[in-house]
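Worksheet: the structure to be examined is printed underneath.
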Amino acid sequence: MNFSTEVLKRERARNILTLCQHEEFVDFCALFESEFDRNLTELYRALEAEDGPRRRFLAHKMKSSAANLGAVRLSEQVRLFDVLEWPESRTQSLALWQNLRNEYEQVRHHL
Numbered sequence: 287m288n289f290s291t292e293v294l295k296r297e298r299a300r301n302i303l304t305l306c307q308h309e310e311f312v313d314f315c316a317l318f319e320s321e322f323d324r325n326l327t328e329l330y331r332a333l334e335a336e337d338g339p340r341r342r343f344l345a346h347k348m349k350s351s352a353a354n355l356g357a358v359r360l361s362e363q364v365r366l367f368d369v370l371e372w373p374e375s376r377t378q379s380l381a382l383w384q385n386l387r388n389e390y391e392q393v394r395h396h397l
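In our numbering, the protein residues as written are 287 to 397.
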């Protein structure tokens with residue numbers, strides 16, 4: 287799997303900015319953060335409960351949200367929770383979740 291090297295695709299962010307005012311972009315970023323925070327917590331709970339359907343639902347939603355923002359690496363990492371064969375061991379699942387959380391923190395730093 288080829289992963290992107292950019293945390294945020296600058297071209298995608300510029301495209302969003304051309305479609306809206308600065309304040310709207312700030313609101314868009316704030317909405318992304320609040321939704322992603324909530325979904326990240328829910329994904330953790332789904333992993334702990336070994337709830338495959340919930341995990342896939344959340345991963346699909348989070349993947350689209352990250353891609354819309356231009357956070358390609360984040361979107362690619364979330365995709366793993368949607369497409370990998372599960373169940374993995376609980377330890378492996380939580381390690382992948384921690385990698386996802388670390389990438390999300392990188393995105394937040396760049397917003």
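For every residue, glycine included, the Cβ atom is placed at its ideal position computed from N, Cα and C.
Which one of L366, E321, Y330 and V393 has the shortest CA to CA distance from L380?
Y330
Endpoints, alpha helix (DSSP H) assigned at E328
H308 to A335
Hey, out of L344, E391 and L355, whose CA is closest to F311's CA?
L355
For E328 versus R376, is the C-beta distance shorter than 9 Å?
no
How many angstroms separate the CA atom of E371 from the CA atom of A332?
15 Å
Starting from G356, trace the alpha helix (DSSP H) both ways and give me its first and last residue.
Premise fails: G356 is in no alpha helix (DSSP H) and is neither H nor E.
Span of the alpha helix (DSSP H), counted from its first residue to its last, around R397
Arg is not the amino acid found at residue 397; the sequence shown has Leu there. Neither: L397 is in no alpha helix (DSSP H) and is coded neither H nor E.
With distances taken Cα to Cα, identify the nearest neighbour of R387 among R324, D313, S350 and F314.
R324
C-alpha gap between R340 and R359, whole angstroms:
22 Å
I'd like to check one pair, F322 with S350: are the Cβ atoms closer than 9 Å?
no
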